[in-house]
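Numbering (our numbering), first residue to last: 9 to 472.
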């Protein structure tokens with residue numbers, strides 16, 4: 009994440025509770041604003057506590073960064089917090105472990121949890137109970153606070169604590185605007201924060217969206233944000249699917265993402281790489297409890313392409329199954345009903361038809377009469393990855409592959425292809441996949457020099 013030396017992420021819940029004596033809109037808005045103001049005061053109170061995850065450390069940000077124990081002080085640089093994070097299941101606070109963590113931090117992200125000190129020193133009085141008979145409406149929900157800040161590793165803990173409190177207050181302000189904008193009577197839609205890593209020079213930003221409102225109904229808001237951040241209006245940078253996925257959070261579906269980023273680019277004289285843009289899932293033989301070994305490589309390549317469109321926010325539908333792919337081809341008239349449930353191969357033409365039918369995505373088809381001609385397609389492929397940035401499906405003979413990029417020299421014509429191989433049948437083991445070349449750079453000799461090839465080049469929809 010090229011957004012700063014250290015990322016601090018603060019998560020936790022704040023209880024939103026207010027009493028409405030009337031359903032009159034101005035009254036409701038006034039009470040809600042007053043409640044958010046009270047939460048802002050709570051965030052600035054000395055009772056606010058930040059718990060450093062996977063460590064015994066607690067910080068009081070509104071007490072100058074005061075911390076528990078003598079291991080840390082407010083004037084220490086925030087990078088020292090990483091030394092206190094335990095990276096294994098064993099509790100260890102020894103200097104040996106601290107040195108180990110210092111040399112080998114598992115991540116550049118420091119996670120903290122938002123807490124509140126319930127009891128405070130002082131004189132306690134007996135509680136007072138008041139009973140009233142007036143009817144009212146109780147509005148209560150939990151606000152999911154999630155603040156991310158980028159700081160210099162040398163910044164002091166006390167300064168960083170102040171930055172985090174400021175981020176909390178700012179997020180509460182954004183949540184108030186969203187809550188008021190999307191109020192329906194006395195129904196409060198929960199404001200949810202999402203983090204996005206936008207192109208330079210913008211970088212990391214947080215946007216609050218109302219829960220339950222689909223992206224299709226938030227286009228006006230996204231247009232406002234695109235204008236604010238000076239983003240082009242033909243790519244969906246700020247849909248929920250584009251939200252930043254933090255490296256310390258595993259994907260729940262089990263698929264590997266972007267295995268190619270772990271590879272070294274080939275060294276070509278006066279050459280440079282042109283790569284897929286964004287995130288995709290690696291789909292290959294034998295996944296999803298489907299035995300498609302020997303016939304499903306094009307289906308898997310198509311699934312990888314569909315995952316790209318899903319994870320870039322262009323579509324909200326799930327990656328299609330083999331059955332759904334076959335059904336789509338029958339519906340468009342490409343195949344007969346007997347095709348359903350079969351083990352028949354498909355090619356790049358069928359892949360393009362399914363993308364159009366299920367995703368509304370158009371594709372260009374590149375025809376190559378023999379594999380030896382692929383070496384001369386460097387410019388066209390490089391331009392595709394520059395302008396569209398989508399994975400390419402290539403089919404020839406009885407094999408299909410996914411092209412994720414090319415390394416190409418305009419001067420010498422040398423070319424290498426970044427191939428994601430759907431014929432892999434093993435587990436989701438990144439090291440095996442990269443070491444054994446299931447995702448790797450290949451030379452022109454990789455292709456059957458005499459076989460006929462079709463390439464499906466999916467095009468990005470122009471949408472916000």
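For each residue, glycine too, the CB sits at the ideal point set by N, CA and C.
So the candidates are the options; which of them puts its Cα closest to the Cα of residue i?
i	options	result
residue 15	86, 34, 47, 332	86
residue 434	300, 419, 82, 200	300
residue 29	290, 316, 146	146
residue 463	452, 371, 38	371
residue 409	39, 31, 422, 445	445
residue 168	228, 225, 89	89
residue 153	223, 241, 195, 58	58
residue 186	233, 471, 217	217
residue 259	429, 202, 319	319
residue 428	248, 400, 369	400
residue 334	316, 315, 322, 310	310
residue 50	231, 420, 68	68
residue 170	275, 189, 18	18
residue 414	228, 391, 430	391
residue 394	73, 285, 469	285
residue 53	220, 472, 71, 197	71
residue 436	249, 25, 261, 198	261
residue 336	229, 360, 27, 316	360
Less than 6 Å between C-beta atoms, sequence neighbours within five positions excluded: which residues of the same chain meet that for residue i?
i	result
residue 441	267, 447
residue 184	44
residue 351	303
residue 479	What the structure shows of the chain is the stretch from 9 to 472, and residue 479 is not part of that stretch, so it cannot be assessed.
Looking only at its own chain, which residues have a Cβ that is under 8 Å from the Cβ of residue i, when we skip the five neighbours before and after it?
i	result
residue 298	304, 329, 330
residue 222	324
residue 37	188, 191
residue 227	472
In this structure, how does DSSP classify residue i when only helix, strand and coil are distinguished?
i	result
residue 416	strand
residue 389	helix
residue 123	strand
residue 369	coil
residue 155	strand
residue 237	coil
residue 218	strand
residue 459	coil
residue 400	strand
residue 55	coil
residue 435	coil
residue 26	strand
residue 69	helix
residue 18	strand
residue 167	helix
residue 213	strand
residue 92	helix
residue 470	coil
residue 101	Legend: pLDDT at residue 101 = 38, less than 50; position of this residue unreliable, value from coordinates given subsequently. If DSSP states are grouped into helix, strand and coil, residue 101 belongs with coil.
residue 424	strand
residue 150	strand
residue 74	strand
Determine whether the beta carbon atoms of residue i and residue j lie at a separation below 8 Å.
i	j	result
residue 358	residue 342	yes
residue 338	residue 345	yes
residue 164	residue 82	yes
residue 172	residue 157	yes
residue 61	residue 137	no
residue 417	residue 278	yes
residue 246	residue 204	yes
residue 306	residue 354	yes
residue 264	residue 290	yes
residue 206	residue 254	no
residue 432	residue 293	yes
residue 215	residue 239	no
residue 322	residue 469	yes
residue 313	residue 366	no
residue 124	residue 55	yes
residue 381	residue 465	no
residue 317	residue 269	no
For residue i, I'd like the list of residues in its chain whose CB is within less than 7 Å of its CB, leaving aside the five on either flank, ordered along the chain.
i	result
residue 456	379, 404, 405
residue 161	13, 14, 85, 86, 87
residue 459	378, 379, 404, 405
residue 383	423, 452
residue 375	462
With a cut-off of 8 Å, does the C-beta of residue i fall near any C-beta of chain C?
i	result
residue 336	No chain C appears in this structure, which consists of one protein chain only.
Taking 7 Å as the line, does the beta carbon of residue i fall inside it for any heavy atom of the ligand GDP?
i	result
residue 445	As far as ligands go, the structure on display features none, and thus does not contain the ligand GDP.
Quiz prompt | 3 or more residues per run - each beta strand (DSSP E) lying fully within the region 306-384 | solution = 371-376
Quiz item: For the region 233-295, which segments carrying the beta strand (DSSP E) assignment without a break, of at least 3 residues, lie completely within its bounds, in sequence order?
Solution: 279-283
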